[in-house]
Amino acid sequence: MEGKEEKPRFKKGFWKPDDDLILKIYVETHGEGNWTVVSKKTGLMRGAKSCRLRWKNYLRPNIKRGMMSEDEKDLIIRLHKLLGNRWSLIAGRLPGRTDNEVKNYWNTHLNKRASRDQITHLDHINHRSHQTHQNEPQFSQHQDLQTASIPQVETDHSTVVDDSWVQDFNVTLPHDHQNYPSPFFFQNYEAFMTPILDNLVLFDPFGTTSDELIMRETIFQ
DNA sequence: AATGGAGGCAACCGCACAGCG
DNA sequence: ACGCTGTGCGGTTGCCTCCAT
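Just add 5 to wherever you are in the first sequence, counting from 1, and you've got my numbering.
What follows is the structure, given as structure tokens:
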């Protein structure tokens, strides 16, 4: 094509130590952001996204690498129960860990472990719910929040939500909460749940009971 | 020693969204 | 209102290593 500027061909694949050094020095000198400029000025022949990712996941200061501690593993499992595949949120609660690292770790290590536990626990839940909630839609902790089928707002408010996921997080619901309309009867489910989840994420892993208050106030007011 | 499969992980891809002109 | 650019995010790919045969 005449007069059309040819797009630069970027390198792909693994980063070499030299490339890392160049990027590191550049970002430390000029600061983060504007990755298109970084890509051009460094002469690395890497795309802006590639530079950003490399910095964010590998070169940034305070990146913690290596084995996950038992505490971290436990936290990831608990947060994943709450948040689903929201890796950036989960990683945000793990100092020094990146979303990519958490995601990889989940997919390779914890996913299997969690699904193994899930099978055992689901048997228990299925048994119980069969006895008590026949023909009712279920929202268990074992469904990802993202993929769980959320009941739409309809005139029928008689649906009872399986609150077992809440019980697992030491959150006490009001004794008569079964009489309340389901907390999940919201069109904008995400917007409604996010602040609640955030509070749970903040407090629950550290064993406080603040979440109890928050849940009550937020949902049942 | 050769090889093939599985697991782990870094990096890429595609999409969504926000900010700006 | 619209298009462009930059950034963030989750899903996926593909390379490398290890281990069993």
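Where is the CB? At the ideal position from N, CA and C, for every residue including glycine.
Beta-carbon proximity of residue i to residue j, cut-off 8 Å
| i | j | result |
| --- | --- | --- |
| Thr41 | Ala53 | yes |
| Met50 | Lys16 | yes |
| Gly101 | Lys69 | yes |
| Leu64 | Leu87 | no |
Nearest to residue i (by Cα), restricted to the options the options
| i | options | result |
| --- | --- | --- |
| Tyr31 | Thr47, Glu106 and Ile81 | Thr47 |
| Phe19 | Asn39, Ala96, Gly38 and Leu58 | Leu58 |
| Asn67 | Lys16, Leu99 and Lys21 | Leu99 |
| Gly71 | Trp60, Leu49, Thr103 and Arg83 | Thr103 |
| Arg83 | Ser74, Ile95 and Gly38 | Ile95 |
| Met73 | Gly38, Lys29 and Val107 | Val107 |
| Asn90 | Leu26, Leu115, Gly38 and Leu49 | Leu115 |
| Tyr110 | Lys78, Glu37, Lys86 and Lys16 | Lys78 |
| Asp24 | Asp76, Gly97 and Ser44 | Ser44 |
| Trp92 | Leu26, Asn112 and Gly38 | Asn112 |
Bounding residues of the alpha helix (DSSP H) (the contiguous stretch that carries residue i)
| i | result |
| --- | --- |
| Lys46 | Trp40 to Thr47 |
| Asn90 | From DSSP, Asn90 is part of no alpha helix (DSSP H); its letter is neither H nor E. |
| Lys108 | Asp104 to Tyr110 |
| Leu64 | No alpha helix (DSSP H) contains Leu64, which DSSP labels as neither H nor E. |
| Lys57 | Checking the sequence, you will find Arg at residue 57 rather than Lys. Segment Ala53 to Arg59, the alpha helix (DSSP H) holding Arg57. |
Residue i - DSSP class collapsed to helix/strand/coil
| i | result |
| --- | --- |
| Pro22 | helix |
| Lys29 | helix |
| Asp173 | Its pLDDT being 41, under 50, Asp173 is placed unreliably by the model, and the measurement read from it follows with that caveat. Reduced to three states, the DSSP call for Asp173 is coil. |
| Gly101 | coil |
| Ile68 | coil |
| Glu77 | helix |
| His35 | helix |
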